[in-house]
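Heads up: the structure comes next, in structure tokens.
Number of protein chains: 6
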Amino acid sequence: MSLANEKLLGKVAMLSCLDDSYVKQIEKLGWRYCVGKVGSMESNKVVAAIETGAKKEDVIKGSIYRETHALYHAIMEAIYGVTRGHVQLGTVLRTVGLRFVVVRGNPYDQAEEGDWIAVALYGTIGAPVKGLEHEAVGLGINHI
Amino acid sequence: MSLANEKLLGKVAMLSCLDDSYVKQIEKLGWRYCVGKVGSMESNKVVAAIETGAKKEDVIKGSIYRETHALYHAIMEAIYGVTRGHVQLGTVLRTVGLRFVVVRGNPYDQAEEGDWIAVALYGTIGAPVKGLEHEAVGLGINHI
Amino acid sequence: MSLANEKLLGKVAMLSCLDDSYVKQIEKLGWRYCVGKVGSMESNKVVAAIETGAKKEDVIKGSIYRETHALYHAIMEAIYGVTRGHVQLGTVLRTVGLRFVVVRGNPYDQAEEGDWIAVALYGTIGAPVKGLEHEAVGLGINHI
Amino acid sequence: MSLANEKLLGKVAMLSCLDDSYVKQIEKLGWRYCVGKVGSMESNKVVAAIETGAKKEDVIKGSIYRETHALYHAIMEAIYGVTRGHVQLGTVLRTVGLRFVVVRGNPYDQAEEGDWIAVALYGTIGAPVKGLEHEAVGLGINHI
Amino acid sequence: MSLANEKLLGKVAMLSCLDDSYVKQIEKLGWRYCVGKVGSMESNKVVAAIETGAKKEDVIKGSIYRETHALYHAIMEAIYGVTRGHVQLGTVLRTVGLRFVVVRGNPYDQAEEGDWIAVALYGTIGAPVKGLEHEAVGLGINHI
Amino acid sequence: MSLANEKLLGKVAMLSCLDDSYVKQIEKLGWRYCVGKVGSMESNKVVAAIETGAKKEDVIKGSIYRETHALYHAIMEAIYGVTRGHVQLGTVLRTVGLRFVVVRGNPYDQAEEGDWIAVALYGTIGAPVKGLEHEAVGLGINHI
């Protein structure tokens, strides 16, 4: 039960989210993943966009609730990193523009640890006025 | 007041935290920064390690409170990303091992936006038992 | 000022919420109560349904603010148990279907402890898709 | 993927926590479980007591991190119900006395939903003075 | 059930906390109150100091739990104003120096609204270094 | 880096918010400020009203993001004091009626500490029914 250095799930998800050239590393590892973008003042739209992306690319099976449940909590944890303290956007007058990467794989040495899911977010958060914004990052990890 | 693509403060801090080879990009930009490591079950030790690192490397001036204040809030926001929902470690029986990068610079096109500070964290969070852990990331950004 | 074993307000409220056959225990104790159901993606609708139920059944007097205030905080505390960490539903793309029981009585040995109010919630929380949900529980207790 | 009425995991865990006579229902379902008690002003002791109980009774395998991870988050969610708003005890001058029940089983109609874990808590929370306390409840549910 | 302009409980408590010359207004209203100071890195010490002050000056009766319960929640709400977002001090490496005023009275036109309690806090919060601090304020109000 | 007694930014903002006769003290100090009122069930409207007031009275320069950023966080911190625990209003069925004062100045002895901003709030919070409400206060302070 130790994290294997050459397959750090969170790191590869976060790097791929920050820099597109890293995405091929996910492919080399043979892991399922999806990449997408979402901009919104409504946090439910952010959740929905990531869920939709992950289902369309078969990162999770939408027909099994445990997979949706695992992804949902990973998304919420990633959003905490972006919003820092309360999971609210438009209700506190701010908006986000985010790139997201969802990756699924086993980052541990032991096969019995099974699949884990990482949701990485990178983009901007700020007032609903172009330019009045700074960068933000989030990473959620869960067993699936 | 728009973020300049070639000097994205948060991105360069986060990439440098995930992958040491990016640190030279910070130097190319001529920005002040520090890199360090901290492992603890006590969140105050994490805060203290980052503050000490940033002061020793002159990223902030310890004698001016506004700089300490800016850094403190950036650290707290980064820790939110790592802890996701409540800023607690040992009191909820978990521990972290983190690499941190603090960078100071102006990521905007306008000189009058002045300096901003980014605190990037990457490492593991988990039970106080080797291996029972997964990765975590945090980024806090503030004007200074 | 000790809780009397035979009149544990929270326990009888929670049991009645989980299993309808317990409701007659509340009646045996001579306590005022109400039972209801609410399903919504909007947390304010959950609050409103419980307040309306409690007022209609005279569990609290709507014309006295201190009673509304006591009930409101008990409801919010119960919702914390259901939502775990942030009091949001639709804004984070989830919905609830809840049965609620509100009970008012004195669970203490001493008459001077006066009335207390318990709000018990049991049901499901999950994605706005039938079946993509798991159970949730909440209990809020306040002096009134 | 719908919850099966005769095997509601959360309900049976909560009822067993409130009323010992329900525990035999868990056994009838053939599910693994543990029952225990913990009283403390330190939330990490509450977490540790439940983890230890669950491992000793083989509700989870301590050697697989994904099982510890699933249990940990279920415990934290249950504690949210007890503490309502921030996961703190002694640091805000309060203490708990709790009975806990951990149950593991599949509450869904579909076998592929696999095992889920429920952590139910019931007891008192209050000032560190006997009698200055009221009841509290928490339920955390996670896929495992 | 409307707040009476000449007896705004929260306002008189807050003003008295900010400016000692207002304390005689509380006396004119015939309300029970206490004034005190507390400085600490431990939030439980802040809670304890206010509780002790209020009991010693008979603002609340320590032998009745409902009064302790009402005061406790008013204190916690006031501390939220001071700490803004998480009720932690030393665990996130900060300390407070606070003046507190607790007042008990009925701010409403209707006698049946009974007594309410206000806890007002004013002072500084900051790093555990003299001068690295700024001001903070909190007000908690509850029915008693 | 110590707070100067005769120019306590937070105190003068809070006192001016509670009692209009204090506003002339801000003027004596030569500090920029604004005073306004806002009533709403939507927290984003509260944020917007304060931002608009501060920009119109030139307390901050709307064209510089660092000033908007400083003000935004001061507003959010003040709202925490008013809402105590989660930054929500209508979504948890409550409304506020607030007077706000924003002040900008240097409360420290050292000129190099530069300008700081204080956002003070005072008013009522409660059910969306006239009279079902109690007082609330908030103060947010930030370097600018």
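Chains as they are written, first to last, in the numbering used here: chain A, 1 to 144; chain B, 1001 to 1144; chain C, 2001 to 2144; chain D, 3001 to 3144; chain E, 4001 to 4144; chain F, 5001 to 5144.
Beta carbons: idealized from backbone N, C-alpha and C, even for Gly.
Just so you know, these numbers come straight off a predicted model, no measurement behind them.
Answer yes or no: does any C-beta atom of chain F fall closer than 8 Å to that of residue i?
i: C:MET2076; result: yes
i: A:GLY131; result: yes
i: C:VAL2059; result: no
i: A:ALA4; result: no
Could you work out which residues of chain D lie near residue i, taking near to mean beta carbons separated by less than 7 Å?
i: C:LYS2007; result: Going along chain D, no residue has its Cβ under 7 Å from C:LYS2007, so there is no contact; the nearest lies around 11 Å.
Specify, as a first and last residue, the run of the beta strand (DSSP E) that residue i falls within.
i: E:ASN4142; result: 4133 to 4143
i: D:VAL3059; result: Where D:VAL3059 is concerned, there is no enclosing beta strand (DSSP E), given that its DSSP letter is neither H nor E.
i: B:GLY1090; result: Unbroken run through B:GLY1090: none, as it is neither H nor E.
First and last residue of the alpha helix (DSSP H) that includes residue i?
i: A:LEU18; result: 9 to 18
i: B:VAL1023; result: 1023 to 1029
If we cut at 8 Å on Cβ distances, does residue i have a partner in chain D?
i: C:GLU2135; result: yes
i: E:ASN4044; result: yes
i: B:ALA1054; result: no
Cβ of residue i less than 8 Å from any chain C Cβ?
i: E:GLU4051; result: no
i: F:GLY5090; result: yes
i: A:VAL102; result: no
i: D:LEU3029; result: no
i: D:GLY3138; result: yes
i: D:GLY3010; result: yes
So what does residue i bridge to, in DSSP terms?
i: F:ILE5050; result: DSSP lists no partner for F:ILE5050.
i: A:GLY85; result: The partner list for A:GLY85 (beta bridge, DSSP) is empty, contrary to what the question assumes.
i: C:ILE2125; result: C:VAL2096, C:HIS2134
i: E:LYS4045; result: Note: E:LYS4045 sits in no beta bridge, so no partner.
i: C:ARG2032; result: C:ARG2104
i: E:SER4040; result: E:VAL4096
i: E:ALA4120; result: E:VAL4101, E:LEU4139
i: D:LEU3003; result: D:TYR3108
Quick one: does residue i have its CB under 8 Å from some CB of chain B?
i: A:MET14; result: yes
i: E:GLN4110; result: no
i: A:ARG84; result: yes
i: A:ILE141; result: yes
i: E:ALA4048; result: no
i: A:GLY105; result: no
So is residue i in contact with chain E if we call contact Cβ pairs under 8 Å?
i: F:LEU5098; result: no
i: F:LEU5162; result: Nothing in the structure corresponds to residue 5162 of chain F, since chain F is present only between 5001 and 5144.
i: F:LYS5024; result: no
Quick one: residues in its chain with C-beta nearer than 6 Å to the C-beta of residue i, no 5 flanking neighbours on either side, listed in chain order?
i: D:TYR3100; result: Per the sequence presented here, residue 3100 of chain D reads as Phe, with Tyr not at that position. Closer than 6 Å at the Cβ level, and outside the excluded window around D:PHE3100, lie GLY3036, ILE3050, LEU3121.
i: E:LYS4143; result: One point to set straight first is that residue 4143 of chain E is His, not Lys, in the sequence displayed. Excluding residues within five positions, the ones whose Cβ falls inside 6 Å are TRP4116.
i: C:LEU2018; result: TYR2122
i: F:GLY5053; result: CYS5034, GLY5036
i: F:ALA5136; result: VAL5082, ILE5125
i: F:ASP4996; result: The structure shown does not extend to residue 4996 of chain F, since chain F is modelled only from 5001 to 5144, so the question has no answer here.
Using a Cβ-Cβ cut-off of 8 Å (strictly less than) and excluding sequence neighbours within five positions of residue i, which residues of its own chain qualify?
i: F:VAL5103; result: LEU5009, VAL5012, ALA5013, SER5016, ILE5026, TRP5031, ARG5032, TYR5033, VAL5059, ILE5117, ALA5118, ALA5120
i: E:HIS4086; result: VAL4092
i: B:LEU1139; result: GLY1010, ALA1013, MET1014, GLU1077, ALA1078, GLY1081, ALA1118, VAL1119, ALA1120, LEU1121
i: E:VAL4023; result: SER4016, TYR4033, VAL4035, VAL4101
i: E:LEU4029; result: LYS4007, VAL4012, GLY4105
i: C:TYR2072; result: VAL2047, GLU2051
i: E:GLU4067; result: ILE4060, LYS4061, ILE4144
Listing by chain order, which chain E residues have their CB less than 8 Å from the CB of residue i?
i: C:GLY2114; result: ARG4066
Which residues in chain F sit within 8 Å of residue i, going by Cβ to Cβ distance?
i: C:VAL2119; result: Within chain F, no residue comes near C:VAL2119; the closest Cβ sits about 14 Å away, beyond 8 Å.
i: C:VAL2087; result: HIS5086, GLN5088, THR5091, VAL5092
Can you list the residues of chain F that residue i reaches, using a CB-CB cut of under 9 Å?
i: E:TYR4080; result: TYR5080, GLY5081, THR5083, ARG5084, GLY5085
Can you list the residues of chain B that residue i reaches, using a CB-CB cut of under 7 Å?
i: A:SER21; result: Within 7 Å Cβ-Cβ: nothing; A:SER21 doesn't reach chain B, min ~11 Å.
With a threshold of 7 Å on Cβ separation, who are the neighbours of residue i within its own chain once the five nearest residues in sequence on each side are excluded?
i: C:GLY2090; result: MET2041, GLU2042
Any beta-carbon of chain A closer than 8 Å to the one on residue i?
i: B:GLY1039; result: no
Listing by chain order, which chain C residues have their CB less than 8 Å from the CB of residue i?
i: D:THR3124; result: LEU2003
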